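*Asks:* In the numbering used here, the protein residues as written are 598 to 1015.
Glycine residues also receive a C-beta, built at the ideal position from the N, C-alpha and C atoms.
Treat the numbers as computed from the prediction; the structure is a model and nothing was measured.
Dumping the structure here so I can ask a few things about it.
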Amino acid sequence: MQDWVQLLVRWMHMIFGIAWIGASFYFVWLDNHLVAPGKDKEGKGLAGELWAIHGGGFYEVAKYKLAPPRMPDHLHWFKWEAYSTWLSGMAMLALVYYLGAQAYLIDPRVASLSVMEAVALGLTSLIVGFICYEGLLRSPLRRNGAWFGVVLFILLTLFAWGLFQVFSPRGAYIHVGALIGTIMAGNVFLGIMPAQRALVKAVEQGTAPDPRYGAMAKLRSTHNNYLTLPILFIMISNHYPFTYNHAQGWLVLAALGAISAFARHFFNLRHKGIVRPWILVVAFVALATVAYWVSGRPAAVAVSAPSVSSADQASTDKHAAVAVQAAEPVQNSAGGALTDDQAMALVQVRCESCHAAQPTDPLFAAPPAGIVFTQLADIVSRKAQITTAVSTQYMPLANRTGMTAEERQALLAWLAAK
């Protein structure tokens, strides 16, 4: 049942996110494509207009400088896309990373945390990070877009580095994404919506709207637009452990976030008729440089058996027994290549607690991704996936079964020969 709940919430999060980001992209595109209104519309208070064709029909869109002379009968508010995305995202954070903290958030090789400590740290980090952004936005620095972006980038990078000191790499990444999502939703709730309500109220009362509200709303909307590509990367990053499990995974995240936001700048300029292809060239070269750098040093943390609380003697004995069983195939190989039987034995001890038809690890009711290792053919058929998971230390999750560096090297060598 838990898997079905996660599937439903993840599916909803994706749908809401598409609606929100799609609306963000569209309105920035629309605003940047507005042209001066025709002579027949002079004196109507229009800031610009746009003609478009889509789905077999013509569309005419006009934007007022501040507000129309009277309130229309039907006015659509773009807010629930943002709120629904944030709420479903927080639900996913709770379902996967908080309820499953021992598998996805806590890594004993990084820091010995209880589940409550990890959850408290995660939520506190989001609150502190959001307060820092709001303070920065309300400072005079907001008037300088370039410097504001630099300072925000530095703050987010420090935030990522700090999370890497307490959480698993994957858990750290998702909390950076949660912070960015919280900032974006906060921009809607604290800035964009109040500005729109003020505009509507002014029209209803027949007074002139305060232009400051619209200016701040436009600024927050622009920030959201540049944050979309970085957060989309984080949403899919859990499928690519070579990014977050790198020795400097936090720096990889910072680099990819900066590159994607910079690439977004090209399209925002292009909407205004300013074409600067060198931006995309620089972004591509930077991405290729990061890819080359990451491919040379994937390991994020030293491989060792997970620390186990002395208060839980039964758990300690279990880990010790697992370590002895797993070490035998490697020791028996006497420094040579593993035999098929030895490789199978190693995988059974280190991996089958999760990847079995009926997992013995209490965190999983079913094998993750439906992957089971009941026979040698199962391992060989997933050679590429296992190689990536083992070399990047993504698996075993948080090294719960205590796989050693020697075991990883021996298994990788065996896989390479297959």
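Can you look up A644 in the DSSP assignment and give me helix, strand or coil?
*Replies:* Residue state, collapsed to three classes: strand.
*Asks:* Within its chain, find whatever has a CB closer than 8 Å to the CB of D807; leave out the 5 residues flanking it on each side and keep chain order.
*Replies:* Excluding sequence neighbours, D807 sits near A795, A799.
*Asks:* At what residues does the alpha helix (DSSP H) containing K980 begin and finish?
*Replies:* Where K980 is concerned, the enclosing alpha helix (DSSP H) stretches over 980-988.
*Asks:* Am I right that S621 and T825 are in contact with their C-beta atoms under 8 Å? What's the rounded C-beta distance?
*Replies:* Yes, they are in contact, since the Cβ atoms of S621 and T825 sit about 6 Å apart, within 8 Å.
*Asks:* Using DSSP's beta-bridge definition, name the partner residues of F655.
*Replies:* DSSP output for F655 lists I650 as bridge partner(s).
*Asks:* With a cut-off of 8 Å, do at least 3 Cβ pairs link the region 630-649 to the region 847-854?
*Replies:* With the cut-off at 8 Å, the region 630-649 and the region 847-854 do not touch.
*Asks:* Under 7 Å, do R689 and V606 count as touching if we go by C-beta distance?
*Replies:* Residue identity differs from the one stated: residue 689 is Met in this sequence, not Arg. Yes; because the gap between Cβ atoms is below 7 Å, this pair is in contact.
*Asks:* Does DSSP put I660 in a helix, in a strand, or in coil?
*Replies:* What sits at residue 660 in the sequence shown is Lys, not Ile. Reduced to three states, the DSSP call for K660 is strand.
*Asks:* Would the beta-carbon of V977 fall within 7 Å of that of H952?
*Replies:* Not closer than 7 Å, so no.
*Asks:* Could you check if Y656 is buried or exposed, using at least 16 other CB atoms within 10 Å of its CB as the buried criterion?
*Replies:* Y656 comes out exposed.
*Asks:* So, helix, strand or coil for V785, using DSSP?
*Replies:* If DSSP states are grouped into helix, strand and coil, V785 belongs with the helices.
*Asks:* What do you get for G768, buried or exposed, if any count of 16 or more other CB atoms within 10 angstroms of its CB means buried?
*Replies:* Burial call: buried.
*Asks:* CB V773 to CB A792, shorter than 7 Å?
*Replies:* Contact: no.
*Asks:* Which residues mark the beginning and the end of the alpha helix (DSSP H) in which W674 is found?
*Replies:* First-last for W674: undefined, no H or E at that position.
*Asks:* Report yes if the CB atom of R867 is closer than 7 Å to the CB atom of Y823, and no otherwise.
*Replies:* No, the pair does not count as a contact, with Cβ atoms beyond the cut-off.
*Asks:* Is the Cβ-Cβ distance between L710 and T779 less than 7 Å?
*Replies:* No, they are not a contact pair.
*Asks:* Measuring alpha carbon to alpha carbon, tell me which of R873, M687, Y837, G746 ends up nearest A888.
*Replies:* With distances taken between Cα atoms, A888 lies closest to Y837.
*Asks:* Under three-state DSSP, which class holds S912?
*Replies:* Confidence at S912 is low in this model, with a pLDDT of 42, below 50, so its placement is unreliable and the value that follows should be read with caution. Three-state DSSP puts S912 in a helix.
*Asks:* How many Å lie between G652 and I612 at the Cα?
*Replies:* Each residue's alpha carbon lies about 22 Å from the other.
*Asks:* Whose C-alpha, out of G803, Q603, S818, is nearest the C-alpha of Y695?
*Replies:* Selected option, being the one with the closest Cα: Q603.
*Asks:* Would L935 pass as a contact of A1007 if the rule is Cβ separation under 7 Å?
*Replies:* The answer is yes: Cβ separation under 7 Å.
*Asks:* From T971 to W601, what does the alpha carbon distance come to, in whole angstroms?
*Replies:* In a straight line, the C-alpha of T971 is about 25 Å away from that of W601.
*Asks:* Closest by CA to Y701, which one among R997, H820, A717?
*Replies:* Per the Cα distances, R997.
*Asks:* For R817 and V797, I'd like the C-alpha separation in whole angstroms.
*Replies:* Straight-line Cα distance between these residues: approximately 19 Å.
*Asks:* Tell me, to the nearest whole angstrom, how far the beta carbon of I777 is from that of P737; I am working on the premise that it is less than 8 Å.
*Replies:* Rounded, the Cβ-Cβ distance is 23 Å, inconsistent with contact.
*Asks:* Taking C-alpha atoms, which residue in D975, P705, Y810 lies nearest to P993?
*Replies:* Nearest option by C-alpha distance: P705.
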